[in-house]
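Peer 1:
In the working numbering, the protein residues as written are 24 to 150.
Okay, structure coming up:
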(Lines of atoms letter the chains of each structure in order from A; the text may use other names.)
(Lines give C-alpha, C1' and ligand atoms only; values in the text may rest on other atoms or scores of the structure.)
Protein backbone atom coordinates (compact mmCIF):
# COMPACT_ATOMS: atom_id res chain seq x y z
CA UNK A 24 0.00 0.00 0.00
CA UNK A 25 1.37 3.42 -0.99
CA UNK A 26 0.28 7.03 -0.48
CA UNK A 27 1.48 10.15 -2.31
CA UNK A 28 3.82 12.27 -0.17
CA UNK A 29 5.07 14.69 -2.84
CA UNK A 30 4.26 15.54 -6.43
CA UNK A 31 5.77 18.03 -8.87
CA UNK A 32 4.80 18.46 -12.51
CA UNK A 33 6.58 20.73 -14.96
CA UNK A 34 5.15 21.73 -18.34
CA UNK A 35 7.29 21.14 -21.42
CA UNK A 36 6.73 23.77 -24.08
CA UNK A 37 7.20 21.57 -27.17
CA UNK A 38 3.50 20.64 -27.41
CA UNK A 39 0.20 21.10 -25.61
CA UNK A 40 -0.40 19.08 -22.42
CA UNK A 41 3.18 17.73 -22.33
CA UNK A 42 4.43 17.47 -18.75
CA UNK A 43 7.17 15.72 -16.84
CA UNK A 44 6.44 14.78 -13.24
CA UNK A 45 8.14 13.31 -10.21
CA UNK A 46 5.91 11.74 -7.57
CA UNK A 47 7.07 10.28 -4.27
CA UNK A 48 5.12 7.57 -2.46
CA UNK A 49 5.52 6.07 1.00
CA UNK A 50 3.91 2.97 2.43
CA UNK A 51 4.39 -0.54 3.74
CA UNK A 52 4.75 -4.07 2.38
CA UNK A 53 2.09 -6.63 3.22
CA UNK A 54 3.17 -10.16 2.34
CA UNK A 55 0.30 -12.04 0.74
CA UNK A 56 1.95 -15.41 0.12
CA UNK A 57 3.71 -15.99 3.43
CA UNK A 58 7.40 -15.78 4.16
CA UNK A 59 9.38 -13.17 6.00
CA UNK A 60 11.10 -11.54 2.99
CA UNK A 61 10.44 -7.78 3.36
CA UNK A 62 7.28 -8.44 5.43
CA UNK A 63 6.10 -5.13 6.95
CA UNK A 64 9.06 -3.26 5.41
CA UNK A 65 8.79 0.44 4.65
CA UNK A 66 8.15 0.88 0.94
CA UNK A 67 9.13 4.10 -0.85
CA UNK A 68 8.76 4.87 -4.56
CA UNK A 69 10.07 7.70 -6.73
CA UNK A 70 8.06 7.74 -9.97
CA UNK A 71 9.16 9.56 -13.13
CA UNK A 72 6.50 10.19 -15.77
CA UNK A 73 6.79 11.99 -19.10
CA UNK A 74 3.35 12.32 -20.71
CA UNK A 75 4.97 12.03 -24.16
CA UNK A 76 5.67 8.38 -23.31
CA UNK A 77 9.44 8.81 -23.31
CA UNK A 78 9.79 7.79 -19.64
CA UNK A 79 7.44 5.99 -17.30
CA UNK A 80 9.03 4.20 -14.42
CA UNK A 81 11.17 4.86 -11.43
CA UNK A 82 12.79 3.44 -8.34
CA UNK A 83 11.65 1.49 -5.29
CA UNK A 84 13.33 1.33 -1.87
CA UNK A 85 12.35 -1.23 0.74
CA UNK A 86 13.65 -0.78 4.31
CA UNK A 87 13.43 -3.78 6.64
CA UNK A 88 12.96 -3.45 10.42
CA UNK A 89 16.72 -3.93 11.02
CA UNK A 90 17.57 -1.09 8.58
CA UNK A 91 18.67 -3.33 5.69
CA UNK A 92 17.54 -1.93 2.33
CA UNK A 93 16.66 -3.29 -1.08
CA UNK A 94 16.76 -1.07 -4.19
CA UNK A 95 14.82 -1.76 -7.37
CA UNK A 96 13.83 -0.02 -10.58
CA UNK A 97 10.68 -0.48 -12.59
CA UNK A 98 9.22 0.32 -15.99
CA UNK A 99 5.58 0.74 -16.95
CA UNK A 100 4.50 -1.56 -19.79
CA UNK A 101 0.68 -1.29 -19.83
CA UNK A 102 -1.70 1.43 -18.69
CA UNK A 103 -5.45 0.81 -18.56
CA UNK A 104 -6.55 2.93 -15.61
CA UNK A 105 -7.19 2.15 -12.86
CA UNK A 106 -4.61 -0.64 -13.42
CA UNK A 107 -0.96 -0.15 -14.39
CA UNK A 108 1.30 -3.10 -15.22
CA UNK A 109 5.03 -3.37 -15.66
CA UNK A 110 8.29 -5.03 -14.76
CA UNK A 111 10.78 -4.50 -11.94
CA UNK A 112 14.28 -5.66 -11.08
CA UNK A 113 16.39 -5.53 -7.94
CA UNK A 114 19.51 -3.39 -8.30
CA UNK A 115 21.25 -4.15 -4.97
CA UNK A 116 20.79 -3.95 -1.24
CA UNK A 117 22.47 -3.15 2.05
CA UNK A 118 22.99 -5.21 5.19
CA UNK A 119 21.52 -8.68 4.90
CA UNK A 120 20.32 -7.88 1.36
CA UNK A 121 23.72 -6.86 -0.06
CA UNK A 122 24.12 -8.43 -3.51
CA UNK A 123 20.44 -9.29 -3.95
CA UNK A 124 19.25 -9.92 -7.50
CA UNK A 125 15.89 -10.75 -8.99
CA UNK A 126 13.07 -9.50 -11.14
CA UNK A 127 9.37 -9.76 -11.68
CA UNK A 128 6.14 -8.06 -12.62
CA UNK A 129 3.96 -5.55 -10.85
CA UNK A 130 0.34 -4.54 -11.05
CA UNK A 131 -0.67 -1.22 -9.50
CA UNK A 132 -4.30 -0.55 -8.67
CA UNK A 133 -5.09 3.16 -8.37
CA UNK A 134 -7.44 3.44 -5.40
CA UNK A 135 -7.66 7.26 -5.46
CA UNK A 136 -5.56 10.27 -6.53
CA UNK A 137 -3.32 9.70 -3.50
CA UNK A 138 -3.49 5.95 -2.76
CA UNK A 139 -2.13 2.94 -4.69
CA UNK A 140 -2.19 -0.80 -4.11
CA UNK A 141 0.94 -2.35 -5.67
CA UNK A 142 1.03 -6.11 -6.22
CA UNK A 143 4.59 -7.36 -6.76
CA UNK A 144 5.42 -10.85 -8.01
CA UNK A 145 8.78 -12.29 -8.85
CA UNK A 146 11.87 -14.05 -7.66
CA UNK A 147 14.97 -13.02 -5.76
CA UNK A 148 18.35 -14.52 -4.97
CA UNK A 149 20.76 -13.63 -2.18
CA UNK A 150 24.48 -14.40 -2.49
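Virtual Cβ for every residue (Gly too), placed ideally from N, Cα, C.
All figures in this text were calculated on a predicted structure; none of them were measured in a lab.
Quick check on residue 90: buried or exposed, where buried means 16 or more other Cβ atoms within 10 Å of its Cβ?
Peer 2: It is exposed - the Cβ of residue 90 has fewer than 16 other Cβ atoms within 10 Å.
Peer 1: Should residue 28 go down as buried or exposed, given a rule of 16 or more other Cβ atoms within 10 Å for buried?
Peer 2: Exposed, since its Cβ has fewer than 16 Cβ neighbours within 10 Å.
Peer 1: Going straight from the alpha carbon of residue 140 to that of residue 92, what length do you get?
Peer 2: When rounded, the distance between both Cα atoms is 21 Å.
Peer 1: Among 116, 59, 106 and 88, which has the Cα closest to the Cα of residue 130?
Peer 2: Here the closest residue by C-alpha is 106.
Peer 1: When you compare each of 75, 63, 70 and 150 to residue 34 by their alpha carbons, which one comes out closest?
Peer 2: The shortest Cα separation from residue 34 among 75, 63, 70 and 150 belongs to 75.
Peer 1: Report all residues from its chain with a CB closer than 6 Å to the CB of residue 44; omit the five preceding and five following residues, and keep chain order.
Peer 2: So the qualifying residues of the chain are 32 and 72.
Peer 1: Looking only at DSSP bridge pairs, what is residue 144 linked to?
Peer 2: Bridge partners of residue 144: 128.
Peer 1: Helix or strand or just coil, what does DSSP make of residue 119?
Peer 2: Here residue 119 sits in helix by DSSP.
Peer 1: Hey, which unbroken runs of the beta strand (DSSP E) at 3 residues or more fall wholly within the stretch 34-62?
Peer 2: Within the stretch 34-62, the complete beta strand (DSSP E) runs of at least 3 residues are 42-51.
Peer 1: Would you say residue 80 and residue 96 are within 8 Å of each other, going by their C-beta atoms?
Peer 2: It is a contact, given that the beta carbons lie within the stated cut-off.
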